[in-house]
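Structure first, then comments.
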Amino acid sequence: MIRILIADDHAVVRSGFAMILEQQMDFRVVAQAIDGEEAYRLASQTQPDIILTDISMPPGENGLYLLGRIKENFSDIRIIILTMYEEQEYLVRAMRGGASGYVLKNSSDDELVKAIRTVANGEVYIASQMMAGFVEEVLGGTDLRPKLTEREQEIVTLVAYGFSNREIAQKLIVSVKTVESQKARIMGKLGLHSRPELVEYALKNKLFL
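If you want it as structure tokens, here you go:
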């Protein structure tokens, strides 16, 4: 029996995937979570074999953050990213972070089932429509981390130092609304959803002056 936990911020999506998976005699959905924080708590309680998680689950912890926490504390649990994001940088970040699979939400039911069985057997599964690009980028040695412009890096640094939107706007001589929109674009580009995550990103990427 393959025990599965589904994490997605949309109840309809969770129940839909649960219904698909429960049709398999050897699949059992043991829990459903609304975000990464709840998924982590339920994973510690139910000990699933596999977690299916979206990347973006606002306003809670996202799937990539969940991936890191699970791999650090429950290394036996395998994680499959189930998302609409087709950008190669998200795929690479997930695989580098320890994901065992990456499947798109518009994939067929058969592919999702195949991905779960493959990962349950200790192998890695990547969505067929993304595999060619992934292999090309990895073999080419290209760094697929999202690229921030100099201005975006400057904003991340100021946010990490604790400056408010108004203070950042004054320093950069722009409007508060501009700062807010740029921050939103940065968070979306990096797949982040909170100031602590942005500070962590700044630390890892040496954006502190």
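Position 108 of the sequence shown, counted from 1, bears residue number 216 in the working numbering, the numbering being contiguous throughout.
Yeah, the Cβ is synthetic: ideal placement off N, Cα and C, and Gly gets one too.
The structure presented is a predicted model; accordingly, all values stated were derived computationally and were not measured.
One alpha carbon belongs to Gln-237, the other to Ile-178, and they sit about 27 Å apart. In the same chain as Pro-304, and ignoring 5 residues on each side of it, no C-beta atom comes closer than 8 Å to its own. Classified as exposed, Ile-281 has fewer than 16 neighbouring CB atoms from the shown chains inside 10 Å of its CB. DSSP places Thr-191 in no alpha helix (DSSP H) but in the uninterrupted beta strand (DSSP E) bounded by 186 to 191. Buried is the label assigned to Thr-161, since at least 16 other Cβ atoms lie within 10 Å of its Cβ. For Ala-228, the enclosing alpha helix (DSSP H) covers residues 217 to 228. Counting the other Cβ atoms within 10 Å of the Cβ of Pro-167 gives fewer than 16, which makes it exposed.
Between Ala-139 and Leu-174 the beta-carbon gap is near 13 Å, outside 8 Å, which marks them as no contact. Val-137 is positioned such that its CB atom lies no closer than 8 Å to that of Ile-163. Between Val-264 and Ala-292, the C-beta spacing is not below 8 Å. Of all C-beta pairs linking the segment 207 to 217 to the segment 183 to 190, three or more are shorter than 8 Å, placing the two stretches in contact. Taking all protein chains in view, the Cβ of His-301 is crowded by 16 or more other Cβ atoms within 10 Å, so the residue is classified as buried. Rounded to whole angstroms, the separation of the alpha carbons of Ile-128 and Val-120 is 12 Å.
A distance below 8 Å between beta-carbons, with the five flanking residues on each side excluded, links Arg-259 to the following residues of its chain, in chain order: Leu-280 and Gln-290.
With respect to the C-alpha of Arg-111, the residue from His-118, Leu-150, Asp-143 and Gly-124 having the closest C-alpha is Leu-150.
Taking 8 Å as the cut-off, the Cβ atoms of Ala-268 and Leu-298 do not count as close.
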